[in-house]
Amino acid sequence: MLELRVVSPDPAPQRYKPSRFNHFHTLPSGERLAYNSLSNALAVLDQGGIARYQYLAGGNPPDENNPIDQGLIEGFFVVPESFDEISYLKVLHLKRRFDNTEWSLTIAPTIACNFACDYCFQRHHHGKMAPAVQQKLVDLFNAKASAGLKRFSVTWYGGEPTLAWDVIQNLSEAFLKISDEKGVDYQATIVTNGYLIDEKKVADMVRWRIRLAQITLDGDEASHDQRRILHSGKGTFSQILHNLQLFRDTPIFVHIRVNVDNRNKEEVYALLDRMTQEGLAKVEN
Ligand code: SF4
């Protein structure tokens, strides 16, 4: 008996190209810091990692058992040859824009500030968000929550938001009440210079579901105190460092932001050493 079998050829191996969103920086160690601004992935590549990146980016097929290859693919450092990154980005953007189930707001309760940083325009402003504007925000959130909103996230921003703590309190309490009544998952972030943080404010933040605080230190004490100063000209580094300890044993995650430029680029490593000395490096609550 004659048996006829159709045998499919092995599919062609997937080939990759370098992402157009890659950024590389050579570290003092000779390793390369790789950042992909589409996926937000960050990697340190040693000689072996650089060789694998160049191999894949040259159109050679990946080794599915090689964790470096898989990491480079997952981080979008290399993408399939046929993958259109710009179209992908447009789809992500439009999906987010027309999604009625999630809403993110950045709210400046004031643009006044207690600092006079030499690179900032916001220090000259005064005043707070008016009660009528606060009420409009609450009404808008209430309407969205009634129309099926599932997640709401707020970033408290400024100026310096701790100068308008009463506004943050009013809005947070209203947002929490509506969220709990309508089943919306609510959480917040705060961007603050950290100077006026105290134990009460940290306790308030926990109650108001502020999960992340971003606080700036612009290098070590000397370089920070040259640029991030009070209106009196006094430096702020030591007070901020003291206040950072208040977040220990709380559910609030703290990001330290460092604005790096030619004036302080050498002091960044000294800041990292200082944070380690103060027990503030890699703190897990
Ligand atoms: S703390 Fe922020 S808002 Fe205030 S002066 Fe400095 S950069 Fe500007």
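Read left to right, the sequence shown gives residues 7 to 291 (my numbering).
Each residue gets a CB set at the ideal place from its N, CA and C atoms; glycine is no exception.
Model, not experiment: these values are computed from the prediction.
- How many Å lie between R38 and H29 at the Cα? For this step, residue 38 is matched to residue 32 along the sequence shown. For this step, residue 29 is matched to residue 23 along the sequence shown. Separation of R38 and H29 (C-alpha to C-alpha, rounded to the nearest whole angstrom) is 10 Å.
- When you compare only the Cα positions, how much space is there between T112 and Y61? Working through the sequence shown from its first residue, we reach residue 112 at position 106. Working through the sequence shown from its first residue, we reach residue 61 at position 55. For T112 and Y61, the distance between alpha carbons rounds to 42 Å.
- Query: Between the region 128–142 and the region 188–196, do at least 3 Cβ pairs fall closer than 8 Å?
  - Reply: In short, these stretches do not touch, since the Cβ pair count stays below three.
- Does DSSP put P86 in a helix, in a strand, or in coil? Indexing the sequence shown from 1 puts residue 86 at position 80. Strand, per DSSP.
- Query: Excluding five sequence neighbours on each side, which residues of the same chain lie with their C-beta closer than 7 Å to the C-beta of N148?
  - Reply: What you label residue 148 is simply residue 142 of the sequence shown in a count that begins at 1. Excluding residues within five positions, the ones whose Cβ falls inside 7 Å are I184.
- Query: Which whole-angstrom value is the C-beta distance of L236 and T242, which I expect to be below 8 Å?
  - Reply: By 1-based counting over the sequence shown, the position of residue 236 is 230. By 1-based counting over the sequence shown, the position of residue 242 is 236. About 6 Å separates the two Cβ atoms, so the contact holds.
- Message: Taking 7 Å as the cut-off, is the beta-carbon of R269 closer than that to any non-hydrogen atom of the ligand SF4?
- Response: Against the sequence shown, residue 269 aligns to sequence position 263. Result no, Cβ not under 7 Å from the ligand SF4.
- Since R102 is in the beta strand (DSSP E), which residue starts that stretch and which ends it? The sequence position of residue 102 within the sequence shown is 96, counting from 1. Careful: R102 lies outside any beta strand (DSSP E), inside the alpha helix (DSSP H) at E91 to R103.
- Of the listed residues I216, H261, V274 and D210, nearest to D224 (C-alpha basis): The residue you call residue 224 lines up with position 218 of the sequence shown. In terms of Cα proximity to D224, the closest of I216, H261, V274 and D210 is V274.
- Query: Would you say T116 and L169 are within 8 Å of each other, going by their C-beta atoms?
  - Reply: Along the sequence shown, one-based indexing puts residue 116 at 110. Along the sequence shown, one-based indexing puts residue 169 at 163. Annotated as proximal: T116 and L169, with beta-carbon spacing under 8 Å.
- Query: What residue range is occupied by the uninterrupted beta strand (DSSP E) comprising E227?
  - Reply: Here residue 227 refers to the residue found at position 221 of the sequence shown. Annotation for E227: no beta strand (DSSP E) segment contains it, though the alpha helix (DSSP H) segment containing it runs E227 to R233.
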